[in-house]
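Below is one structure, written out as structure tokens; comments come after it.
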Amino acid sequence: MSRIPLISGNWKMNLNHFEAIQLVQKLSYELRNHDYDRVEVSVHPPFTNIRSIQTVIDADRMKFRLGAQNCHAETSGAFTGDISPAMLQKLDVDLVIVGHSERRALSGETNELVAAKARSVFAHGMTPIVCVGETIEQRESGEAEVIVEGQVRGSLAALSKDQLSEVVIAYEPVWAIGTGQTASTDDAQAMCSHIRSVVADIHRPAETKVRIQYGGSVNVANARELMAMEDIDGALVGGASLEAASFARIVSFQEV
Ligand code: PGA
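Using this note's numbering, read the sequence shown as starting at 337 and increasing by one per residue.
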């Protein structure tokens, strides 16, 4: 089964809305029509930039999928400072990152909360990108597979068979995020293959359709090799997505 790769730019807490507009315009200029034939590209700006980016994508008919970096699990209520999935849906967002390791580590997000967010994202007609990944201590003690398997099972809990085919999983070893240190292609492939077998165990044949991205210091130098691996269906790119030329090159590697 051929899966269309998804390359996602996670801008994190970077760029004001003017800078964000410039970046998306540069990126659109760098990419050619045929770049989108075999790959989907999403951009995930901070919340305050989503409306601006939505307007630019719409007005210039850009082919990017619009993403967010997080959302609340509830549709509305007394949650000061939070953003509802319904608000994102109204802005044409169709992909929402949930359970990024920075949120798991800094905001204490648990697998249960991530699962509730993933279900809510689906309930609002969007697709979650569910992040999983082990810390360096867990890798060094040989627990990486067990930890990641637990995150996959916990964070995808109670998704339907169709949702399990539709969801995107991002395997991002915590020690590789923002460090310039990437997992070896073999290690990344082995973990993505393991994740696929866990999905198979939950609901066959969802594993044939589910897309698994690799993330963690993906850049122009390592993207081609990583994305050529059988079980890696694209990338979640942080730092290198803030530079239009680098991100465009990462996207175009996926064609070959
Ligand atoms: P990085 O971030 O590419 O800067 O390592 C990836 C991510 O956190 O999604």
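Ideal Cβ positions, reconstructed from N, Cα and C, are used throughout, including at glycine. Everything numeric in this text was worked out from a predicted model, so none of it was measured.
Quick one: grab the DSSP three-state call for residue i.
i: Val-434; result: strand
i: Thr-300; result: Because the chain here runs from 337 to 592, residue 300 falls outside it and cannot be looked at.
i: Gln-425; result: helix
i: Leu-572; result: strand
i: Ala-404; result: strand
i: Arg-397; result: coil
i: Ile-538; result: helix
i: Val-592; result: Bear in mind that a pLDDT of 42 at Val-592, under 50, signals an unreliable position, so the number given afterwards is only what the model happens to contain. Residue state, collapsed to three classes: coil.
i: Leu-342; result: strand
i: Ile-531; result: helix
i: Glu-448; result: helix
i: Ile-419; result: coil
i: Met-349; result: coil
Counting C-beta neighbours from all protein chains within 10 Å, is the total for residue i 16 or more, i.e. buried, or is it exposed?
i: His-408; result: buried
i: Gln-487; result: buried
i: Gly-551; result: buried
i: Val-592; result: With a pLDDT of 42 at Val-592, under the threshold of 50, the predicted position of this residue should be treated as unreliable, though the coordinate-derived value follows. With fewer than 16 Cβ atoms within 10 Å of its Cβ, Val-592 is classed as exposed.
i: Asn-352; result: exposed
i: His-370; result: exposed
i: Met-349; result: exposed
i: Glu-476; result: exposed
i: Val-572; result: A quick correction: the sequence has Leu, not Val, at residue 572. With 16 or more Cβ atoms within 10 Å of its Cβ, Leu-572 is classed as buried.
Give me the Cβ distance between residue i and residue j, rounded to the nearest whole Å; I'm assuming they're in contact under 8 Å.
i: Met-462; j: Val-429; result: 6 Å
i: Asp-569; j: Ser-529; result: The pair is not a contact, with the Cβ atoms about 12 Å apart (cut-off 8 Å).
i: Ala-494; j: Arg-455; result: 6 Å
i: Pro-489; j: Val-534; result: Per the sequence presented here, residue 489 reads as Arg, with Pro not at that position. Between Val-534 and Arg-489 the Cβ distance is about 7 Å, and since that is below 8 Å, they are a contact.
Every unbroken beta strand (DSSP E) within the region 450 to 517, with a cutoff of 3 residues, ordered by chain | 463 to 468 and 504 to 507
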